[in-house]
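Engineer:
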């Protein structure tokens, strides 16, 4: 369903992502882990078609993101970091705009809108401008935007960042509910999240994949059997090497 | 078809966002008060004894210089500042559709402002018998002129995430386009380099706007404005492609 082949991205002299390849199948929830600045966001931005890769490509449901971006983007729902949306628009207006651009018309559009507002529990704030919402509601509004067209592939950049424990629980529950019929990628640096929702995890450091396996496999690799020791072992080592 | 639908969706959102904020109304009031004041008071409209819109069209390029950059400064810089550009450009649309939607929205907004100056026409018609052809040509010219300003503002807006910088850059760029064909400037240059002065002037907003004001819509002027807009939109495309994540 989603295939990433040797993705590379250079920003001037900085090689942010250097040859990332992986595959995700339907029903999998892939945790995308790594320290800050490891290249998680850049990789996601390339898969979603926001940034053009320097080399390599990604295929979404058979559509190549570099040669057929519009079709590929139709298959993807994307929740960017920090959940951006237009401050002056109300929640309903914003979601209606997204529905428009996603090709919904008439009654179909109203249905999509209502169902996503119910699903993400946005009813209370639907007529409020986005700029006045709390962090949790912003996150949910942007999440609603990502799933409004029931995408085959859902990509989320730190979806639980800055949420309180209850809200985190809700988001994780929603991810789990949707997981069976979708490909889901979740980036995070919260390791407990991997145990909570992911069926598989990739650890990326300095633009390279350093580990790829189920949470249990990753734990087994460390001496203590704990995910964060494993994470520190793999990424600290790399960082020190990179710094000299 | 899809392409047009996407353009329309972007266009609608942009127009709505103008009118959702009080800025649009403030903008309209300032535009109308300013053009009214300059036309009626500063150029002594009533004492000229000629029923035409010359004083109005004379001031328009200068009013645009201040106000159009204010209307366009947020088009892309605000998307970049708020991070919504990431949302917009990961939708199943092309960059061209997004650029066109925004450009047409801003252009229509300015055109609407120009349309709201109709009391000046009514006044002129009441006082005398103006040349209708010249008036229509003048208004069409004004709308094309506005399109050129908007396209420049859109380009500078794509270059930065700061609305203030976008505004200042647009003002400077537009000022160059205006001054290149403004008589006091061209006059000074034409003494020692007449060919060069003429060439530079032919790139100016003013030169082409003045000929339209006389009531003649020359194909060359239309082509000129269309080329300026096309160039600016293509440049916006290039800038966004290179710097959208910056």
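Chains as they are written, first to last, in our numbering: chain A, 32 to 275; chain B, 208 to 453.
Note that beta-carbon positions come from the ideal geometry of N, C-alpha and C, so glycine has one too.
1) Thinking C-beta only, is residue 246 of chain A closer than 8 angstroms to residue 258 of chain A?
2) Taking 8 angstroms as the threshold (beta carbon to beta carbon), is residue 246 of chain B in contact with chain A?
3) Check whether the Cβ atoms of residue 215 of chain A and residue 51 of chain A sit closer than 8 angstroms, and answer yes or no.
4) At a CB-CB cut-off below 7 angstroms, which residues of chain A make contact with residue 290 of chain B?
5) With a threshold of 8 angstroms between beta-carbons, can residue 79 of chain A be considered close to chain B, or not?
6) So which residues of chain A does residue 424 of chain B contact, with C-beta pairs closer than 7 angstroms?
7) If we call anything under 8 angstroms between Cβ atoms a contact, is residue 317 of chain B one with residue 278 of chain B?
8) Does any C-beta atom of chain A lie closer than 8 angstroms to the C-beta of residue 300 of chain B?
9) Contact criterion: CB-CB distance below 8 angstroms. Does residue 118 of chain A meet it with respect to chain B?
10) At the level of alpha carbons, what is the spacing between residue 262 of chain B and residue 347 of chain B?
11) Work out the CA separation of residue 131 of chain A and residue 140 of chain A for me, nearest whole Å.
12) Tell me which residue opens and which closes the alpha helix (DSSP H) that residue 358 of chain B is part of.
13) Ordered along the chain, which non-local residues of its own chain (more than five positions away) have a Cβ less than 7 angstroms from that of residue 370 of chain B?
14) Mapping DSSP to helix, strand and coil, what is residue 70 of chain A?
15) Find out if the Cβ-Cβ distance for the pair residue 151 of chain A, residue 174 of chain A is shorter than 8 angstroms.
16) Helix, strand or coil for residue 32 of chain A per DSSP?
17) Who are residue 236 of chain A's beta bridge partners in DSSP?
18) Could you give the distance in angstroms between the alpha-carbon of residue 241 of chain A and the alpha-carbon of residue 235 of chain A?
19) In the segment 361-394 of chain B, which residues sit with their C-beta less than 7 angstroms from some C-beta in chain A, listed in chain order?
20) Taking residue 171 of chain A and residue 185 of chain A to be in contact with their CB atoms under 8 angstroms, please state how far apart those CB atoms are, rounded to whole angstroms.
21) Taking 8 angstroms as the cut-off, decide whether the C-beta atoms of residue 33 of chain A and residue 87 of chain A are in contact.
22) If you reduce the DSSP assignment to three classes, tell me which class residue 208 of chain B lands in.
23) Is the CB of residue 105 of chain A under 8 angstroms away from at least one CB in chain B?
24) Answer yes or no: does any C-beta atom of chain B fall closer than 8 angstroms to that of residue 128 of chain A?
25) Counting C-beta neighbours from all protein chains within 10 Å, is the total for residue 275 of chain A 16 or more, i.e. buried, or is it exposed?
26) Taking 7 angstroms as the limit between beta carbons, can you name the residues of its chain near residue 378 of chain B, skipping five residues before and five after?
27) Sorted by chain position, which residues of the same chain lie with C-beta nearer than 8 angstroms to residue 226 of chain A's C-beta, five sequence neighbours on each side aside?
28) What residue ranges within the segment 186-268 of chain A form continuous alpha helix (DSSP H) runs of no fewer than 4 residues, ordered along the chain?
29) Could you give the residue range of the alpha helix (DSSP H) that holds residue 334 of chain B?
30) Straight-line CA distance for residue 247 of chain B to residue 253 of chain B?
31) Is there a Cβ from chain A that is less than 8 angstroms from the Cβ of residue 224 of chain B?
32) For residue 228 of chain A and residue 182 of chain A, I'd like the C-alpha separation in whole angstroms.
33) Apply the 10 Å Cβ neighbour rule to residue 351 of chain B and answer buried if 16 or more other Cβ atoms are within range, or exposed otherwise.
34) Which one of B:233, B:266, B:223, B:231 has the shortest CA to CA distance from residue 245 of chain B?
35) Interface residues of chain C around residue 220 of chain B at Cβ under 7 angstroms?
36) Taking only three categories from DSSP, how would you classify residue 432 of chain B?
Structural biologist: Judging by the given coordinates:
1) Closer than 8 angstroms, so yes.
2) The beta-carbon of residue 246 of chain B is placed no less than 8 angstroms from the nearest beta-carbon of chain A.
3) With respect to residue 51 of chain A, residue 215 of chain A sits apart: the two C-beta atoms are not nearer than 8 angstroms.
4) By Cβ distance, chain A contributes 111, 113, 115.
5) Among the residues facing chain B, residue 79 of chain A is included, as its CB has a counterpart in that chain under 8 angstroms away.
6) Taking a Cβ-Cβ threshold of 7 angstroms, none of the residues of chain A is close to residue 424 of chain B; the smallest such distance is about 36 angstroms.
7) One thing to note: residue 317 of chain B has its Cβ within 8 angstroms of the Cβ of residue 278 of chain B.
8) Using a Cβ-Cβ cut-off of 8 angstroms, residue 300 of chain B counts as an interface residue toward chain A, since at least one Cβ of chain A sits closer than that to its own.
9) True, the Cβ-Cβ gap to chain B drops below 8 angstroms.
10) Between the C-alpha atoms of residue 262 of chain B and residue 347 of chain B there is a straight-line separation of about 16 angstroms.
11) Between the alpha carbons of residue 140 of chain A and residue 131 of chain A lies a gap of roughly 8 angstroms.
12) Here the alpha helix (DSSP H) through residue 358 of chain B covers 339-366.
13) Within the same chain, residue 370 of chain B has close Cβ partners 280, 281, 284, 285.
14) Here residue 70 of chain A sits in coil by DSSP.
15) Less than 8 angstroms divides the Cβ of residue 151 of chain A from the Cβ of residue 174 of chain A.
16) Residue 32 of chain A: coil per DSSP, three-state reduction.
17) Among the bridge pairs identified by DSSP, residue 236 of chain A is matched with A:239.
18) The straight-line gap separating the alpha-carbon atoms of residue 241 of chain A and residue 235 of chain A is approximately 6 angstroms.
19) The segment 361-394 of chain B vs chain A, Cβ under 7 angstroms: nothing.
20) Beta-carbon to beta-carbon, residue 171 of chain A and residue 185 of chain A are separated by about 15 angstroms, too far to satisfy the 8 angstroms threshold.
21) With respect to residue 87 of chain A, residue 33 of chain A sits apart: the two C-beta atoms are not nearer than 8 angstroms.
22) Secondary structure at residue 208 of chain B: coil, using DSSP grouped into helix, strand and coil.
23) Chain B, which has a Cβ nearer than 8 angstroms to the Cβ of residue 105 of chain A, makes this yes.
24) With its beta carbon less than 8 angstroms from one in chain B, residue 128 of chain A belongs to the interface.
25) Legend: pLDDT at residue 275 of chain A = 46, less than 50; position of this residue unreliable, value from coordinates given subsequently. Looking at its Cβ environment, which holds fewer than 16 other Cβ atoms inside 10 Å, residue 275 of chain A is exposed.
26) By the criterion of a C-beta distance shorter than 7 angstroms, residue 378 of chain B is surrounded in its chain by 272, 276, once the five residues flanking it on both sides are discounted.
27) 246, 258.
28) Here the runs fully enclosed are 196-209, 222-228, 246-252.
29) First-last of the alpha helix (DSSP H) with residue 334 of chain B: 325-334.
30) Distance between the alpha carbons of residue 247 of chain B and residue 253 of chain B is about 7 angstroms.
31) With 8 angstroms as the cut-off, residue 224 of chain B counts as an interface residue toward chain A.
32) Using only the alpha carbons, I get a separation of about 19 angstroms.
33) Around the C-beta of residue 351 of chain B, 16 or more other C-beta atoms lie within 10 Å, and the residue is accordingly described as buried.
34) Cα-wise, what sits closest to residue 245 of chain B is B:266.
35) Considering every chain present, this structure includes no chain C. Its protein chains are A and B.
36) Three-state result, residue 432 of chain B: helix.
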